[in-house]
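Chemist: So for the sequence shown, the numbering used here puts the first residue at 46; every next one is plus one.
Note that CB positions come from ideal geometry on N, CA and C, so glycine has one too.
The structure presented is a predicted model; accordingly, all values stated were derived computationally and were not measured.
Here you go, one structure.
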Amino acid sequence: MHELSIAQSLLKLCEENAVKNNAKEVTKIEIKIGRLSGIEPHYLESAFSVCQAETICENAKLIINVQEIIVKCKECGNQSELSKNEFLCPKCNSQDLEVIDGEDMYLMKLEMI
Numbered sequence: 046m047h048e049l050s051i052a053q054s055l056l057k058l059c060e061e062n063a064v065k066n067n068a069k070e071v072t073k074i075e076i077k078i079g080r081l082s083g084i085e086p087h088y089l090e091s092a093f094s095v096c097q098a099e100t101i102c103e104n105a106k107l108i109i110n111v112q113e114i115i116v117k118c119k120e121c122g123n124q125s126e127l128s129k130n131e132f133l134c135p136k137c138n139s140q141d142l143e144v145i146d147g148e149d150m151y152l153m154k155l156e157m158i
């Protein structure tokens with residue numbers, strides 16, 4: 046379960062930002078997780094709730110937004126969202142696709158007081 050180390054890294058990043066901004070507490074953490082990132086949102090949420098105790102993020106609410114897979118077809122130039130892991134251009138059925146979004150995890154928003 047690599048989500049535990051990801052939760053620990055996320056908390057460290059949040060704590061560093063809180064210290065830089067002289068915050069006393071982090072109240073909300075919003076992240077974006079791509080479907081192709083290899084991160085299971087449910088497991089990350091569980092790991093986060095275990096790790097956040099006794100940190101500046103102890104009472105923070107974690108908001109997870111799952112990013113669908115966005116691709117651009119190298120044949121026809123069509124950009125689209127894939128709802129399934131079927132890597133075919135919905136317009137021309139080409140397999141020559143470039144993934145534009147949906148592979149990473151990003152810290153999108155951090156609320157502090």
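Determine the DSSP secondary structure at Asn-138, reduced to helix, strand or coil.
Modeler: On the sequence shown, position 93 is the one that residue 138 refers to. Asn-138 falls in the coil class under three-state DSSP.
Chemist: Which residue's Cα is closest to the Cα of Asn-104: Glu-120, Val-95, Val-111, Asp-146?
Modeler: Reading the sequence shown from its first residue, position 59 is the one you call residue 104. Nearest of Glu-120, Val-95, Val-111, Asp-146 to Asn-104, Cα basis: Val-95.
Chemist: Hey, is Cys-102 close to the ligand GTP, as in C-beta under 7 angstroms from one of its heavy atoms?
Modeler: Absence of the ligand GTP from the depicted structure is noted, as is the absence of any ligand whatsoever, leaving it without description.
Chemist: Within a Cβ cutoff of 8 angstroms, which residues of the same chain sit near Lys-119, ignoring the five residues on either side of it in sequence?
Modeler: Stepping through the sequence shown from its first residue, residue 119 is reached at position 74. Closer than 8 angstroms at the Cβ level, and outside the excluded window around Lys-119, lie Ser-139, Asp-141, Leu-142, Glu-143.
Chemist: Please work out which residues of its chain come closer than 6 angstroms, Cβ to Cβ, to Asn-110, disregarding the five sequence neighbours upstream and downstream, and give them in chain order.
Modeler: Locating residue 110 in the sequence shown gives position 65, where the first residue counts as 1. Closer than 6 angstroms at the Cβ level, and outside the excluded window around Asn-110, lie Lys-77.
Chemist: In angstroms, rounded to a whole number, what distance separates the CA positions of Cys-121 and Arg-80?
Modeler: The residue given as residue 121 occupies position 76 in the sequence shown. The residue given as residue 80 occupies position 35 in the sequence shown. Between Cys-121 and Arg-80, the C-alpha separation is close to 24 angstroms.
Chemist: Distance, Cα to Cα, Gln-124 vs Val-116?
Modeler: As a first step, residue 124 is located in the sequence shown; it is residue number 79 there, counting from the start. As a first step, residue 116 is located in the sequence shown; it is residue number 71 there, counting from the start. Those two C-alpha atoms are separated by around 6 angstroms.
Chemist: For a cutoff of 8 angstroms on Cβ pairs, would you count Ile-101 as touching chain C?
Modeler: Among the protein chains of the structure shown there is no chain C, as only one such chain exists.
Chemist: Give the list of continuous beta strand (DSSP E) stretches no shorter than 3 residues that lie fully inside the stretch 69-156.
Modeler: Qualifying beta strand (DSSP E) stretches, in chain order: 71-79, 106-112, 114-118, 124-127, 142-146.
Chemist: When the Cβ atoms of the stretch 127-139 are set against those of the stretch 60-71, are three or more pairs found closer than 8 angstroms?
Modeler: Cβ pair count under 8 angstroms is below three, so no.
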